[in-house]
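To keep things clear, I will list the structure first and then write my remarks on it.
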Amino acid sequence: MEKTLEILEAIGKRWQALVSIVCLAMFFVGLIGLVNLAVAESKKGTLPVLTTVKLEEKQYFHQLELIFEGRPRFSMQKYKGMFYLKLRNIDNDSLPTAVGSTSLLSQLPTKVMKDKLGTLTSIVVDVDGDFRTEMSAYEKPGAPFRIVIEFYSIEGAEVAVSPASDKGAASVNKKKVLKGNKKTAKARDFWEQEQESSGKVKKTRKKKVVKAVKKTIVKKSRTAKVKKVEKIERVTSREKSVGVAAFNDGWRWKYRKKVVSAIRDTETGIYREALRALGEKLGLEDAAEPVQLIAELTTLVADYETGEENGKAEVLKGIIPFFQGNGDVEVMDALLRKYAYTGFTRLGRFVEGAYYEQKGFIPEALAHYNMTVVGREDEDIPEPFTNVIIAEANFRMGMAYFMEYKMEEASNHFKRASLQGSRSARKWLANTLLVKGLTKDARRIYSEVEPDDPVTMMSLADISVLNGDYDTARDYYDALSEEFSGDALVSAYFMIRIADTYQIEGRIDDANRRYNIARDNLGGDGRAMASLALAEILIDSDDHEAYRDALRYYGTVAEGNYIGTEEAYLMSARLHMQLGNNSTAIALLGKMGRLFPLGELRLDADRARGEITLKWLDKLAYIGDDEGFVKVFLTYEPYIPFGKKSGAYIQAGRAFLKLGFTTDAVKVLNSLVKMGESEHLEEAMIMLVKGYLAQEDIESADRLMMFFKATFPKTKFKKRYAKLQTEINYRKGQYKKVVETREVKRRADWNNSEDMMVVASSFFRLNNYKKAEERYRRAAELLAEAQQNKKLADACMGVAESSFMQGKYKESIKFYRCAAELSKTKDKDGSSIDVSWATYRLAESNFRIGKSFEGTEALESLKQTDRKMAEWGKYLFAENGK
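Right under this line is the structure:
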């Protein structure tokens, strides 16, 4: 009892301790809750505030602009003609109740809902018509956060934007769009466009006056309808003609890249934005004039030195020479390592990157631009113009990738730079999208920017060609040709592009006239471009006589050292292939490879060689020229593309076997079998067995047949398989298997003399002379019909031997005599009979039926071929009476 009381007392004490711990925990939980509530209440006043809303009707679209204090979380959604901008956890008490008089909005229709994540405010806009939207977000230090939504009409629809009615706004709650059963579009940047199935945006804008770099171009009014190029076609050089509109491939593309390198602004433009931003941030008076800015910076360096800010002074002294064209990157590196927290570190890395870019050291330039963007983790002093420098670094990285034609990387950096405020990035993003073939996206951006640089003007001309606006394209090309009249290559390129517009428009005579004028008056690459263009027009005629004229044009380009020389070789080879000059075509491609071992078209040349070789082999196989096929195959087999080898190899195997080149047949068929899965694998294995048998390699043939049976149990080559299996059994001496095969039992008289001879010989070796005689006779009938006299001699010899073994000597005499006579005839097919043995057996048969005279006569005849055998026969048959 006492022990029980002690136990109960201990349990009670432990229970009291446990209750105390639980109470203490609940106290702390409540305290934490109160703290969180207090924090939440204290933060209530810091929620983002929507201060201004404007809805304006622009020339080509409607624009909704919202300005905030603070940065909200937002997304957007389109649903049944309504647009919803959804804002998470903003200050709804401060929503504006009206908008300025310039706006089409008379009120701000909103709907506020609460869910487990907080408050969701939906701004509802009613859109009349089929529309697409583009949303941009702008955030800069010291400036309000802005969201801009643009409404564009889809083709065939007019967009009218107005505030949603209260009823429409209320319906949002009823349909419970927020539940997730409706698709919500992600918040996107301005370059990301909704993929609409209906196609193109309707054109509503009028023609603009386009300003060239030093000349103003005014579009001429035209009334003639022109053919519109629907989209860019990326035509490869493997085609007969690369296509005039496909400026991102072919010889025009190579010239275009050269022109881009020549006309882009590399010297003054590389520092323009950095200098402007530097001047503005430092409060200098004339931030746009580099000379004045550099003078102001020099004064600022002196001020820094006086104010004992030696680090800033030293770094700026290292940066200034880069603006003057004589910077030293080693000195700059040392200064940036020594003075890490001056506020000019990013600018220092930027000018280093610009220095390397100007020198053509692109990897080094990209590395320094990237350091400009990333910055230093330990750099806690904010730089005064960080955003501009980062944007320019991203822009310069995009330019570097663009000039290396790595368009995916270029477009990514241009997008980032555009978001960060770069003034030129959006235009170059459009130029990049155009080269990538995304003409719809490029066209949209071009409609919103001014072409204030030559490359963008050229791109606008190119996209005008694709859009069928040839007059506009010609205006641009003409202005650029005049602007760069001092550069022969650039000016000639734009002259050729003007002629191209006439060709695409279908005005071939006008195009021909301009090409000929250019060819007669220009030199160097200008004449080469005109010759290439004239050759293209001739190729399109599909006339072999025109092909020969085109070859002369290509020849003039191939003889020189022009940008288009490599293309001229490739197209000449293709024309020679069309004319049937296959060996000449392959020789030209070989010369092209030697002249341009690292050329851009080397892979196209390899593909062309393979294509020419395949077409050549197919033609020879089609007409049955086995000798020609074998010659071409042995010479040009390395040029056959790997994916096409199986078809060529199976044809080669057939030709080799027909001509008796068993070694070559086995080699090529063995390679085909080792390739594994292919449509020709089954036939290749059958033919390889035949090749092994021709080489007397019975073991290899037998092993391959067992593998074939396991791989293709339901083969479509059943007859060929049965025939080969019979031959293998015969060669191995398994005569019983030969005569017991299903095919032998099913058909008593085959229609194949070779098979019949094999079966007859097997019966003979199994001492079944009657069946052997039957099959030898059937074989003799087939060979007699085919007039194969020497093989017929073998069949007659078989009948004679089978008859002799059965004691049918009269039959054997007749067929021994027949075999001996046939073996003397001239025939391409060889005979395996021994004439001496046939004569000997003829004598023996005569003696056995008592015809001694005929037997003796046969022995006398035998003396002419085998004297010893004749004497032995005389001893056996005549003297001993056998």
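Under my numbering, the first residue of the sequence shown is numbered 1000, with each subsequent residue one higher. Note that CB positions come from ideal geometry on N, CA and C, so glycine has one too.
Residues near residue i in its chain [Cβ-Cβ closer than 6 Å; skip 5 each side]
i, result
"residue 1658", "1625"
"residue 1665", "1690"
"residue 1869", "1858, 1861, 1862"
"residue 1650", "1620"
"residue 1815", "1799, 1837, 1840, 1841"
"residue 1488", "1524"
"residue 1810", "1802"
"residue 1646", "none"
"residue 1730", "1697"
"residue 1821", "1788, 1791, 1792"
"residue 1458", "1430, 1433"
DSSP-derived helix/strand/coil call for residue i
i, result
"residue 1706", "helix"
"residue 1786", "coil"
"residue 1072", "strand"
"residue 1315", "helix"
"residue 1149", "strand"
"residue 1590", "helix"
"residue 1185", "Confidence is the limiting factor: at residue 1185 the pLDDT is only 30, short of 50, which leaves the residue's position unreliable and the question unanswerable from this model."
"residue 1254", "helix"
"residue 1296", "helix"
"residue 1053", "strand"
"residue 1502", "helix"
"residue 1062", "strand"
"residue 1085", "strand"
"residue 1814", "helix"
"residue 1862", "coil"
"residue 1578", "coil"
"residue 1120", "strand"
"residue 1740", "coil"
"residue 1125", "strand"
"residue 1714", "coil"
"residue 1798", "helix"
"residue 1483", "coil"
"residue 1169", "Residue placement at residue 1169 cannot be trusted, given a pLDDT of 37 that sits under 50; what the coordinates show is reported in the next sentence. Here residue 1169 sits in helix by DSSP."
"residue 1454", "helix"
Rounded Cβ spacing between residue i and residue j (contact assumed at less than 8 Å)
i, j, result
"residue 1506", "residue 1476", "That belief does not hold up - the Cβ atoms of residue 1506 and residue 1476 are roughly 15 Å apart, past 8 Å."
"residue 1071", "residue 1086", "5 Å"
"residue 1552", "residue 1534", "4 Å"
"residue 1088", "residue 1118", "5 Å"
"residue 1406", "residue 1448", "With 8 Å as the limit, residue 1406 and residue 1448 do not qualify as a contact, their Cβ atoms being about 19 Å apart."
"residue 1259", "residue 1454", "6 Å"
"residue 1707", "residue 1674", "About 16 Å separates the two Cβ atoms, so there is no contact after all."
"residue 1613", "residue 1631", "At roughly 10 Å, the Cβ-Cβ gap does not stay under 8 Å, so residue 1613 and residue 1631 are not in contact."
"residue 1727", "residue 1771", "The pair is not a contact, with the Cβ atoms about 20 Å apart (cut-off 8 Å)."
"residue 1397", "residue 1412", "4 Å"
Same chain, Cβ closer than 7 Å to residue i, five either side skipped, listed in chain order
i, result
"residue 1064", "1053, 1145, 1147"
"residue 1711", "1681"
"residue 1399", "1356, 1361, 1364, 1365"
"residue 1608", "1585, 1588, 1638"
"residue 1341", "1310, 1311, 1314"
"residue 1486", "1261"
"residue 1548", "1537"
"residue 1441", "1429, 1432, 1433, 1462"
Neighbour flag for residue i against chain C, beta carbons, 8 Å
i, result
"residue 1363", "Of the chains in the structure shown, none is chain C; there is only one protein chain."
Residues near residue i in its chain [Cβ-Cβ closer than 8 Å; skip 5 each side]
i, result
"residue 1546", "1537, 1538, 1574, 1577, 1578"
"residue 1345", "1371, 1374, 1382, 1385, 1388, 1389, 1392"
"residue 1902", "This structure gives no information on residue 1902, because the portion of the chain shown stretches from 1000 to 1881."
Contiguous alpha helix (DSSP H) assignments of at least 4 residues, all confined to the stretch 1308–1364: Whole alpha helix (DSSP H) segments, 4+ residues: 1309–1322, 1328–1337, 1344–1358.
Pair every Cβ in the stretch 1308–1320 with every Cβ in the stretch 1388–1399, then say whether three or more of these pairs are closer than 8 Å. Using a C-beta cut-off of 8 Å, the stretch 1308–1320 makes no contact with the stretch 1388–1399, since fewer than three inter-stretch Cβ pairs fall below that distance.
Three or more C-beta pairs below 8 Å linking the stretch 1589–1597 and the stretch 1627–1641: no
Can you list the beta strand (DSSP E) stretches of 3 or more residues lying completely in the stretch 1619–1683, in chain order? none
Give a yes or no on contact between the stretch 1248–1256 and the stretch 1521–1537, applying the rule of three or more CB pairs nearer than 8 Å. Counting C-beta pairs with one atom in each stretch, the stretch 1248–1256 and the stretch 1521–1537 have three or more that are closer than 8 Å, which means they touch.
Three or more C-beta pairs closer than 8 Å, one from the stretch 1515–1524 and one from the stretch 1468–1482: is that the case here? No, the stretch 1515–1524 does not touch the stretch 1468–1482.
Completely contained alpha helix (DSSP H) runs for the stretch 1388–1436, where each covers 4 or more residues: DSSP runs (the alpha helix (DSSP H)) wholly in the stretch 1388–1436: 1406–1418, 1424–1435.
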